[in-house]
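S.K.: Listed in order, the protein sequences are those of chains A and B.
According to the numbering used here, the first sequence is numbered sequentially starting from 1462.
According to the numbering used here, the second sequence is numbered sequentially starting from 838.
Glycine included, C-beta positions come from ideal geometry on N, C-alpha and C.
First the structure, which I've put down as structure tokens, then a few questions once you've had a look.
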Amino acid sequence: GDSVTQKQGQVTLSEDDFLFINCTYSTTTYPTLFWYVQYPGQGPQLLLKVTTANNKGISRGFEATYDKGTTSFHLQKASVQESDSAVYFCALVEDTGNYKYVFGAGTRLKVIA
Amino acid sequence: GALVYQYPRRTICKSGTSMRMECQAVGFQATSVAWYRQSPQKTFELIALSTVNSAIKYEQNFTQEKFPISHPNLSFSSMTVLNAYLEDRGLYLCGARGQASAETLYFGSGTRLTVL
């Protein structure tokens, strides 16, 4: 079945550091890929999505490229702020019309001022 | 914009009792609602996917007898946890999607269930 892997359980950075969160996926379909961010006490919020391979999604300074060759969708940000501290989830949904999401385990980002 | 409200935000129930949680979509028509349970151990577990005018599809390990769901219209869904026990603890999330951006799920803040 489909799967999404986030290798990093937690990432700790200082303000203005570069962020890289790893995400790889496995599927036999042509999925749409997502990054969701979850702040404490809240539900996941859509950060960005990319529907087509080799395209890049950009939102609020974050970006991720749908790389079909390496089956990756890593999240990057040039300069993090303390307010970016949250849990980031990579996810995919198949293009089969069943709209069943598969989520990664999540990466907790802690940014120290 | 698309907003999803869930209530209650938190609930505590005694072991063996039941509780109902609700999900309201605002600003869009929720053609499909997915109910998830989020826990530290299992992150996101899909409970069921409900599409208006279609049968509700439950995932393995989740049943209608335990988690009955109602999705009567394009803005509202509810789910009940019947006969709750400790293993039912967690954050229950409602994710709704509309026709305009059909593959995108918009989540509510969740209902956190504590079972005593």
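List the DSSP bridge partners of residue 861(B).
M.R.: Bridge partners of residue 861(B): 842(B) and 913(B).
S.K.: On the DSSP letters alone, give me the boundaries of the beta strand (DSSP E) that residue 1518(A) sits inside.
M.R.: Start and end: 1517 to 1520.
S.K.: Just the C-alpha distance for residue 932(B) and residue 944(B), rounded to the nearest angstrom, thanks.
M.R.: In a straight line, the C-alpha of residue 932(B) is about 4 Å away from that of residue 944(B).
S.K.: Helix, strand or coil, according to DSSP, for residue 882(B) in the structure here?
M.R.: In the structure shown, residue 882(B) sits in a strand (DSSP, three-state: E or B).
S.K.: Below 8 Å on the Cβ atoms is my contact criterion, and I expect residue 908(B) with residue 870(B) to pass it. Report the Cβ-Cβ distance as a whole number of Å.
M.R.: So it is a contact: roughly 6 Å between Cβ atoms.
S.K.: Would you kindly check if the distance between the Cβ of residue 1556(A) and the Cβ of residue 1497(A) is under 7 Å?
M.R.: No, these two residues do not count as a Cβ contact at 7 Å.
S.K.: With DSSP as the reference, identify every bridge partner of residue 1479(A), one or two as the case may be.
M.R.: Looking at the DSSP assignment, residue 1479(A) forms no beta bridge with any residue, so it has no partner.
S.K.: Compare the beta carbon distance of residue 1466(A) and residue 1532(A) with 7 Å and say whether it is the shorter of the two.
M.R.: No.
S.K.: What does a CB cutoff of less than 7 Å around residue 927(B) pick up in its chain, not counting 5 residues either side in sequence?
M.R.: Taken in chain order, the residues that qualify are 874, 875, 876 and 950.
S.K.: Would you tell me roughly how many angstroms separate the C-alpha atoms of residue 890(B) and residue 904(B), rounded to the nearest one?
M.R.: C-alpha separation (whole angstroms): 19 Å.
S.K.: What are the residues of the segment 1524 to 1555 of chain A that lie near chain B, defined by any Cβ-Cβ distance shorter than 7 Å?
M.R.: For the segment 1524 to 1555 of chain A, which is checked against every Cβ of chain B, the residues closer than 7 Å are 1554.
S.K.: Would the beta-carbon of residue 930(B) be found less than 6 Å away from any heavy atom of the ligand MG?
M.R.: With respect to the ligand MG, the structure shown offers nothing to examine, as it has no ligands at all.
S.K.: Can you name the start and end residues of the beta strand (DSSP E) that residue 1570(A) belongs to?
M.R.: Its beta strand (DSSP E) spans residues 1568 to 1573.
S.K.: With C-beta atoms as the reference, is residue 941(B) less than 7 Å away from residue 843(B)?
M.R.: Result no, Cβ atoms of residue 941(B) and residue 843(B) do not sit closer than 7 Å.
S.K.: Distance, Cα to Cα, residue 899(B) vs residue 1574(A)?
M.R.: Those two C-alpha atoms are separated by around 43 Å.
S.K.: Taking Cβ to Cβ, would you say residue 1569(A) is nearer than 7 Å to residue 1548(A)?
M.R.: Cβ atoms of residue 1569(A) and residue 1548(A): closer than 7 Å.
S.K.: Hey, out of 1463(A), 1526(A), 1464(A) and 1475(A), whose CA is closest to residue 1546(A)'s CA?
M.R.: Per the Cα distances, 1475(A).
S.K.: Within a Cβ cutoff of 6 Å, which residues of the same chain sit near residue 886(B), ignoring the five residues on either side of it in sequence?
M.R.: Counting only Cβ-Cβ distances below 6 Å, and skipping sequence neighbours, we find 871 and 894.
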